[in-house]
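Only one structure is covered here, and it is reproduced in the block below.
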Amino acid sequence: MTLTTGDFAAFFAAINGDDESDTMSGPTPFSWQQRLLDHMVSSGAWPDRIAAPTGSGKSHVVDTHIFATALSACGAAPRLPRRLAVVVDRRALVDSQVLRAQKINSLLLTSDNDVVKEVARLLRTLRTTKDRDESSAEPVVVAELRGGLAPDSHWLDDPSVCAVIGATPDMWGSRLLMRGYGSRPYARPREAGLLAYDSVMVLDEAHLNAQLLRTARRVGELAAQFEADLGLPPLQVVETTATPDTGDPATTCVAVEPDDLDRPEDRALARRLLRPKPLTMVESPAWPSRTPAPQTHIVTIADQARMLRQGLGKGGRTVGCVVNHVDTAVRVTRELSRHGLATDCWVGRRRPMDIAKLMREHPGLFDPTEPQTLDVLVATQTVEVGLDIDFGGLVTELAPGPALAQRAGRVNRKGMDDSARIVVVGPPSDAEIRELPPYRSSDLTSARTWLRELDSAGLTPWAVRCTPPPAKSAERRFMRPELTDAWRWAATADDTFEAETLSLWLQDDLDEGQTQGGLVLRRPLPKSDSETLELLLATEPDQAETFPVPLSLLRSVVDRVLAAEPGAPARAFLYRPRPQEVSVTQLDSSKDLRPGDVVIVDAGHPLTEHGVVTAEPPSTPEKLDTTWGAEGALVAVRDAELPDSLRSWPDILEDLAGLDTQSAQRACDLRWAEEVKRQITLPSSAGEVSELPWLVLTDIGSFNRDEAVRQEWTVSGRPVPLADHGNAVAERADRLVRLLGVGDRFAVAVVNAARLHDTGKDDERFQRFLGRRDEEPALAKSSGRTPQQLRRGKRAVGLPAGWRHELRSVLHADMTTQGDAADRDLVLRLVGTSHGYGRYSTPQTAGDLLRPNDPDEWHSLAHELFDCGGWAEIVGATDRELGVWACAYLEALVRAADCQVSREGS
1 MTLTTGDFAA
11 FFAAINGDDE
21 SDTMSGPTPF
31 SWQQRLLDHM
41 VSSGAWPDRI
51 AAPTGSGKSH
61 VVDTHIFATA
71 LSACGAAPRL
81 PRRLAVVVDR
91 RALVDSQVLR
101 AQKINSLLLT
111 SDNDVVKEVA
121 RLLRTLRTTK
131 DRDESSAEPV
141 VVAELRGGLA
151 PDSHWLDDPS
161 VCAVIGATPD
171 MWGSRLLMRG
181 YGSRPYARPR
191 EAGLLAYDSV
201 MVLDEAHLNA
211 QLLRTARRVG
221 ELAAQFEADL
231 GLPPLQVVET
241 TATPDTGDPA
251 TTCVAVEPDD
261 LDRPEDRALA
271 RRLLRPKPLT
281 MVESPAWPSR
291 TPAPQTHIVT
301 IADQARMLRQ
311 GLGKGGRTVG
321 CVVNHVDTAV
331 RVTRELSRHG
341 LATDCWVGRR
351 RPMDIAKLMR
361 EHPGLFDPTE
371 PQTLDVLVAT
381 QTVEVGLDID
391 FGGLVTELAP
401 GPALAQRAGR
411 VNRKGMDDSA
421 RIVVVGPPSD
431 AEIRELPPYR
441 SSDLTSARTW
451 LRELDSAGLT
461 PWAVRCTPPP
471 AKSAERRFMR
481 PELTDAWRWA
491 ATADDTFEAE
501 TLSLWLQDDL
511 DEGQTQGGLV
521 LRRPLPKSDS
531 ETLELLLATE
541 PDQAETFPVP
551 LSLLRSVVDR
561 VLAAEPGAPA
571 RAFLYRPRPQ
581 EVSVTQLDSS
591 KDLRPGDVVI
601 VDAGHPLTEH
611 GVVTAEPPST
621 PEKLDTTWGA
631 EGALVAVRDA
641 ELPDSLRSWP
651 DILEDLAGLD
661 TQSAQRACDL
671 RWAEEVKRQI
681 TLPSSAGEVS
691 ELPWLVLTDI
701 GSFNRDEAVR
711 QEWTVSGRPV
721 PLADHGNAVA
731 ERADRLVRLL
741 GVGDRFAVAV
751 VNAARLHDTG
761 KDDERFQRFL
771 GRRDEEPALA
781 KSSGRTPQQL
791 RRGKRAVGLP
801 AGWRHELRSV
811 LHADMTTQGD
821 AADRDLVLRL
831 VGTSHGYGRY
841 STPQTAGDLL
851 RPNDPDEWHS
861 LAHELFDCGG
871 WAEIVGATDR
881 ELGVWACAYL
891 EALVRAADCQ
901 VSREGS
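Using full-length UniProt numbering, count along the sequence shown one by one with no gaps and you end on 906.
Here you go:
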């Protein structure tokens, strides 16, 4: 079949078939959603603004993006951005967006609907990666960037594919500015390039993130006005809001129009926007002027939630209870549970693995037709934006008007009930409201006045559109990035004296409470600190197990752990990516913690209540599940109970002691010959002890996802000749730039750099390190060695610390690259930065890089480039000529081609 815009309704109905509908044929897109697609197809770009009230289906921008990308793939639409980033200022809402995208991706794989199958087929034509069964390849790449740690990097490996990224503002924005929180430094330019080109960012409820909106739009302007034309769309930025267009002629807007509510196809939308939400204001005599709130205020909130739930009767839907502080949420949950109500707590500080569990156990929160297993869900601001949660009623603390409008939008979201009550708990009517962060007294006072002006319909989305809430006070004067800032950010491989203050460019509020770190609990850890350090380095934290924690609270937690009672493990470990490697160190104090840092502590400390890291320690430790980083990792620790998957080998720590890693790997392969192949990691003392302190068995797929490992190791188990690898990467790069439509000059540079990027591995020391035999050609990847052996073996063959083969590759490239000086410099730059290093400084001198028997001209060139500043001049000149983000994007293409080929074992 030939896909057209007329097929959008059928596609929408097929992937949203379990949604409520007023038609027999399934849900259809609302009129504004169809207008959004029409605008994209006619203009070749997304609008600057989407104006749609809460409950209008803004989350369906994902559906539109996927369908429009398929249209573009078959020539039925202009070239549109391949990557959609939905940025939401609540971590739990990011999870929701990602789950929605994953659901659509699953339907694209399994649906029998002809339109859906055609969309899936067209999206697969954009892929450059090879799959044994093309029909099983995922049509869409779905990724998540949130919390104190974001190791999710698979979206970087195929820039040509349709992608959906859910992200919080700080995680997305820090990556755009080449300082990604939680990212390894060598990944930063790659992330920035792919977010600045061939991407669209939809910022949900942009009024909550005015500084990020300004920063993102400015980066898009810089890329469009001052950078080279790569043949691809530079960053497009879409703000979503509940209010209609201001009339600015320079702004394109797609909106819900008043006439839409009279259209038969929009009956479901009218229900959502117009059904009453009558409002009751309740005074709390103990309205707090500080945190923690008085207990009488907690009781007032809990009583209102309890009475509202009782009024809905047996079988009634879950009542939402939204408060302004995490401490309040935990205490209200405790009070409601004391009265026998089925209650849970949902705040941004919970781990993704705990949120996922809550969502699995309580599907009725999102679908009114599912069993209602909770009486009350207590939450903080995390439920305000973009979440398809559907409460039967709401109790909320007084908050600024925009926040109250968003909280009300979670009530009767799909219009299934005739009406739904909302209770706002605030201070006495004659009382002056005092300042109580995170909200200003002026914002709370104006919100109270606004609520009194609403009519009997209460807080319906359409009433909020017609009588908008007072805007929240500006926190500060906003900043605009300039080219000089971009050039500074581009030095991603350099250690700076002071870290960049990204909050200036990303946050409306500069209070330190807005900056985030991460906390990980592990059980069991070895008693020895040195053994623990080595084990933690082998099991890097995963975002699913990480508590996102404000930096100030993280410091407090570390101080509490380090001052633990005798008998408790009073220790904490810091995980932090550095320019050359990831490090895990033991903390002596909390004072040096920075945004994005992750702290790992022994499970068992009293740190959490209801799955939330709290400022005040609970009386007893909470029993929480723990993991070991990447999914599928099995860890055995001496004197601890073995995991179930290792019970078949009860003496594993003794049986493998005394063996080198390669021998231990062979023993494991024999033991589990018929099961999933796993890579073993042993402590450095393995060959000298009678019993191992620990060992790690990791699914081979996890090792293959580690880019640093793939540079020197192959999943195929056979050696990879250097020339074959270079040719394979060049072929993949050629396919990639053709699929993307990269301009000819830049396409040629990318392909040439891809062919030459690893030629520096011909160094005789590096070949010994890879285990090359005399009769073999030069190798790109080792065959018989394990990843752990490779990580430890470089110094043994005489390679200096920090030695980088791609800098030696630059010397090869200089001797073989033809063309004018500018094109030559671009190829050299792409070769030397092909793994993210060398921007701008290099980790070694010419003397470290070369051997005495290397050609004389190499020594002369290496001295000029790496001893006398020539390399920094090349990197700086290409940044100035082509643009910071354009160069980063071209680097990302070279690295993507290499990563794809390496992951496949070539």
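A virtual CB, placed ideally from N, CA and C, is assigned to each residue, including glycine.
Run through DSSP, which three-state label would residue i get?
i	result
Ile680	strand
Ile600	strand
Asp699	strand
Pro606	coil
Tyr439	strand
Ser186	The question names Ser, but residue 186 in the sequence shown is Tyr. Three-state DSSP puts Tyr186 in a helix.
Thr318	coil
residue 938	Because the chain here runs from 1 to 906, residue 938 falls outside it and cannot be looked at.
Lys357	helix
Arg351	coil
Glu144	strand
Cys74	coil
Tyr575	strand
Leu779	strand
Ala196	helix
Val378	strand
So residue i is in the beta strand (DSSP E); what residue range does that whole segment cover?
i	result
Thr396	Gly393 to Glu397
Ala52	No beta strand (DSSP E) contains Ala52, which DSSP labels as neither H nor E.
Asp344	Thr343 to Trp346
Leu312	No beta strand (DSSP E) contains Leu312, which DSSP labels as neither H nor E.
Ser663	Per DSSP, Ser663 belongs to no beta strand (DSSP E); it is in the alpha helix (DSSP H), Thr661 to Arg671.
Ile165	Cys162 to Ala167
Ser583	Val582 to Gln586
Ser199	Ser199 to Leu203
Leu431	Note that residue 431 is Ala in the sequence shown here, rather than Leu. Neither: Ala431 is in no beta strand (DSSP E) and is coded neither H nor E.
Is the CB-CB distance between residue i and residue j below 8 Å?
i	j	result
Gly629	Pro719	no
Val894	Ala753	yes
Thr546	Val696	no
Ala77	Leu71	yes
Val164	Ala101	yes
Thr492	Met178	yes
Ala431	Trp287	yes
Pro569	Asp602	yes
Gly231	Gly741	yes
Ala329	Thr396	no
Ser809	Leu756	yes
Leu3	Leu122	yes
Asp825	Ala877	yes
Val599	Leu562	no
Ser590	Asp559	yes
Arg678	Asp699	yes
Ala733	Val748	no
residue 921	Gln767	The structure shown has nothing for residue 921, since the chain only spans 1 to 906.
Asp204	Pro159	no
Ala223	Ala886	yes
Arg765	Gly726	no
Specify, as a first and last residue, the run of the alpha helix (DSSP H) that residue i falls within.
i	result
Gln236	Run containing Gln236: none in the alpha helix (DSSP H); it sits in the beta strand (DSSP E), Gln236 to Thr241.
Val88	Note, Val88: premise wrong, no alpha helix (DSSP H); not H, not E.
Met815	His805 to Thr816
Met40	Ser31 to Ser43
Rounded C-beta distance between residue i and residue j? I'm assuming under 8 Å.
i	j	result
Ala212	Pro169	First, the residue type needs correcting, since residue 212 is Leu and not Ala in the sequence shown. Contact flag correct, Cβ pair sits at about 5 Å.
His297	Ser289	That pair is no contact at about 10 Å.
Leu483	Gln516	The Cβ separation is near 29 Å, so there is no contact.
residue 913	Leu736	The chain is shown only over 1 to 906; residue 913 falls outside these bounds and no answer can be derived.
Ala667	Val689	Actually they do not touch by this definition, with Cβ atoms about 16 Å apart.
Leu269	Ser419	Not quite, the Cβ-Cβ distance comes to about 17 Å (not below 8 Å), so this is no contact.
Ranges of the beta strand (DSSP E) found wholly within the segment 498 to 572, counting only runs of at least 3: Listed in chain order, they are 516 to 522 and 546 to 550.
Continuous alpha helix (DSSP H) assignments of at least 4 residues falling wholly in the segment 255 to 290: As far as the segment 255 to 290 is concerned, its whole alpha helix (DSSP H) runs of at least 4 residues are 267 to 274.
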